[in-house]
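Offset between the sequence shown (1-based) and this note's numbering: plus 3. Don't be surprised by glycine CBs; every beta carbon is placed ideally from N, CA and C.
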Amino acid sequence: MKLKITLLFGLLISTLSHAQQLEELIEIALKNNPQLNSLAFKTKAVKEGEFQAKSWENTSLGTGVFLSEPETRTGPQRYQLSASQIIPSFGRISARENYARSLSDISHHQWVIAQRKLILELSYLYYDYQVILRQQLLTKEHINRINRYIDISTAKVSAAQSALIDVMELKMKREELLNLKSKLETNQELLNDKFKLLLNNQSAIEIQFDHEFVIDKTLTLEADYKLSIHPELVEFNLLFESLNKQKILNQKESFPTIGVGINYIDVGTRTDLNPIDNGKDILIPKLSLSVPIFNKSYQSKNRQLIIKEEELKSNMVQRKNELESYLHQAINNKKEAIKDYESLEKNIQLANQSIDLALSSYQTNSMRIEKILELQQLEFNYKLKQLSSIGHYFKQQLKIAYILN
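The structure is reproduced here in structure tokens:
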């Protein structure tokens, strides 16, 4: 299964080697996801069409009884048996098999594309989850910091060095953080539910901290720019190939078909005379030729296929342009995420220094608590945004890997 994951999303898994948990989740999803299982069954059903393509038309068997037995020189005709078989024109069976095989290849390829999309969606959720875990931890740390500030302010109030309003302001800030903590827990539960649906597993999802959830500026997936081999574009090549095989099949089916058969007529024995071959049964070999003289469906079908080919060409160009646009957007978004991260890192350092200075001033009664809260809120917001920028970076990296592999 790990080999399959590597083949499906090889560059991503190899470069993000720390995502061991993600690989395990992908293994479960590829095995249990109902949409993938449905497509797998569909592929098997289409595969059966290859065996169906080898079949000939039904053999015709017939019988008839003469209600009024016609008298012949050798005796009365009593009943008739017949059998006939249409013989496929030369190359029709192989053309039908080739077309059926092409449909099977397309169905299998669509199943592979669905696997890739599932991996992408699951990976998005995974990194969203990593962001939530860190935001929860950050919120808890800041709640603990506010509690320490409350203890300091309470002590200062007891010593008549500060106003009670400082303590109340700190408690209001703590309440805001507790509310945010509750919202983050709700978001985590929502992500858990999404995981369960993708994995088709109602068991509790336990995802641990990914300790290498950091931006790697040396990782450049876009260096290997080979958009032409993207599976969604390869699918169009398979569709073109299938269309050509359908054209060949249509041409073969438009050829005249030959039928062979035999009629058997039972002849009774004459009692009034004894001619030569008295009562001799009759065998009639038959040969038929079916020519589509007035059947214009094959010409119409060929024109339809030509139009369909032009439609596929337009769709392929459109999809390639879309992927190009998504790729450029993802590359640009990744660069912006790195810049945001670096800028926020500088601001966080400055905010930490400012908080230390402000706290020292507050303890010496030269500053009110509002300034500390303002700086603390700035630092908190910077850290929240920095976590979001890391998550955004990984999601853009995932998108680039999906497009280029």
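Over the uninterrupted beta strand (DSSP E) stretch that includes residue i, give me the two end residues.
i: Gly65; result: Ser63 to Val68
i: Leu290; result: Ile285 to Ser293
i: Asn266; result: Thr260 to Val270
Excluding five sequence neighbours on each side, which residues of the same chain lie with their C-beta closer than 7 Å to the C-beta of residue i?
i: Asn384; result: none
i: Lys199; result: Gln205 and Ile208
i: Leu341; result: Residue identity check: residue 341 is Ile in the sequence provided, not Leu. The answer, listed in chain order, is Ile218, Lys220 and Tyr396.
i: Thr142; result: Leu180, Leu183, Lys184 and Leu187
i: Lys311; result: Leu246
Under a Cβ-count criterion, where at least 16 other Cβ atoms within 10 Å of its own Cβ denotes burial, should residue i be classed as buried or exposed?
i: Asn408; result: buried
i: Ala404; result: buried
i: Ile153; result: buried
i: Ser41; result: exposed
i: His331; result: exposed
i: Gly67; result: exposed
i: Ile287; result: exposed
i: Asn355; result: exposed
i: Ser291; result: exposed
i: Gly65; result: exposed
i: Asp169; result: buried
i: Glu382; result: buried
My assumption, with CB atoms under 8 Å, is that residue i sits in contact with residue j. Please give the rounded CB distance.
i: Ser107; j: Glu53; result: 6 Å
i: Leu25; j: Tyr129; result: 5 Å
i: Ile351; j: Gln379; result: In fact, because the Cβ distance is near 12 Å, the residues do not count as touching under 8 Å.
i: Leu315; j: Leu252; result: So it is not a contact: roughly 17 Å between Cβ atoms.
Only counting the same chain, and skipping five residues up and downstream in sequence, which positions put a Cβ closer than 6 Å to that of residue i?
i: Lys289; result: Gly264
i: Pro73; result: Gln80
i: Ser17; result: At Ser17 the pLDDT is 46, less than 50, meaning the model places this residue with poor confidence and gives no usable figure here.
i: Lys250; result: Leu308
i: Pro234; result: Ile116
Residue i lies in the alpha helix (DSSP H); which residues open and close that run?
i: Pro37; result: Pro37 to Gln55
i: Val217; result: Careful: Val217 lies outside any alpha helix (DSSP H) and carries neither H nor E.
i: Gly394; result: Ile372 to Leu407
i: Asn190; result: Leu167 to Leu202
i: Leu236; result: Pro234 to Glu256
For residue i, which residues in the same chain have their Cβ closer than 8 Å to its Cβ, ignoring the five residues on either side in sequence?
i: Tyr329; result: Lys402 and Ile406
i: Leu236; result: Leu230, Met319, Arg322, Lys323 and Leu326
i: Glu373; result: Glu172
i: Pro37; result: Asn203
i: Gly262; result: Ser87, Gln88, Ile89, Ile90, Lys289, Leu290, Ser291, Leu292 and Ser293
Quick check on residue i - is its C-beta less than 8 Å from some C-beta in chain C?
i: Asn61; result: Within the model displayed, chain C is absent; a lone protein chain is all it includes.
Original post:
Is the stretch 130–149 touching the stretch 185–192, taking contact as three or more C-beta pairs under 8 Å?
Top reply: yes
**OP:** Decide if the stretch 298–309 is in contact with the stretch 88–105; the criterion is three or more beta carbon pairs, one per stretch, under 8 Å apart.
**Re:** no
Original post:
Is it a yes or a no for the stretch 82–94 touching the stretch 196–213, going by three-plus beta-carbon pairs under 8 Å?
Top reply: no
Original post:
Would you call the stretch 112–121 and the stretch 29–36 in contact, with 3 or more CB pairs under 8 Å?
Top reply: yes
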